[in-house]
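*Asks:* The opening position of the sequence shown corresponds to residue 0 in numbering that gives the first Met the number 0, with each subsequent residue numbered one higher.
If you scroll down you'll find the structure; I have some questions about it.
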Amino acid sequence: MKISEVRDILGASVIAGEDHLDRSASVGAASDLMSDLLRCARAGVIILSGLNTVQAVRTAIISGAVALVLVRNKQPDEEMVAQARAHGMPLLCSAHSLFAACGMLFREGLRGVDEPPSPE
């Protein structure tokens with residue numbers, strides 16, 4: 000699933016990484032615990048979280064994520080935006096809850112890291 004599709008499905012705003020919305024997410028991971036997200040590290044993962052700290056961006060970068068989506072209308076601070084831009088990491092914001100955002104993406108075919116990836 001393209002990051003541009005994720006943006007459209009979630010009605011999300013793009014805060015950083017506008018030039019990288021053509022990247023594809025093959026699986027999704029969601030948590031507010033960065034240690035849980037590091038266990039999901041793999042190429043093609045998109046991370047959804049309500050944690051709006053620079054650690055969330057760093058975790059996304061370290062884990063090889065294709066994008067980071069902040070949920071519950073959380074807004075990133077300047078340091079988060081700067082780190083995302085410096086690393087070419089798409090950073091999106093959605094008003095949906097973590098549960099709802101995951102469900103919406105699942106309904107459209109994106110699977111979790113513990114499930115087989117959806118066919119592209």
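Ideal Cβ positions, reconstructed from N, Cα and C, are used throughout, including at glycine.
Computed from a predicted model, the values in this text were never measured in an experiment.
Thr-58 and Leu-36: beta carbons closer than 7 Å?
*Replies:* Here residue 58 refers to the residue found at position 59 of the sequence shown. Here residue 36 refers to the residue found at position 37 of the sequence shown. For Thr-58 and Leu-36, yes; Cβs fall inside 7 Å.
*Asks:* What number of angstroms, rounded off, separates the C-alpha of Asn-72 from the C-alpha of Ala-29?
*Replies:* Indexing the sequence shown from 1 puts residue 72 at position 73. Indexing the sequence shown from 1 puts residue 29 at position 30. Those two C-alpha atoms are separated by around 15 Å.
*Asks:* Which residues in the same chain have their Cβ closer than 6 Å to the Cβ of Leu-69, if we skip the five residues on either side of it in sequence?
*Replies:* Along the sequence shown, one-based indexing puts residue 69 at 70. Once the five neighbours on either side are set aside, the close Cβ partners of Leu-69 are Asn-51 and Cys-92.
*Asks:* May I ask which residues mark the beginning and end of the beta strand (DSSP E) holding Leu-9?
*Replies:* Numbered from its first residue, the sequence shown carries residue 9 at position 10. Premise fails: Leu-9 lies in the alpha helix (DSSP H), 2 to 9, not in any beta strand (DSSP E).
*Asks:* By DSSP, does Val-112 sit in helix, in strand, or in coil?
*Replies:* For the purposes of this step, residue 112 is taken as the residue at position 113 of the sequence shown. Reduced to three states, the DSSP call for Val-112 is coil.
*Asks:* Among the candidates Ala-40, Ser-48 and Ser-25, whose CA atom is the shortest distance from the CA of Gly-108?
*Replies:* In the sequence shown, the residue the question calls residue 108 occupies position 109. Nearest of Ala-40, Ser-48 and Ser-25 to Gly-108, Cα basis: Ser-25.
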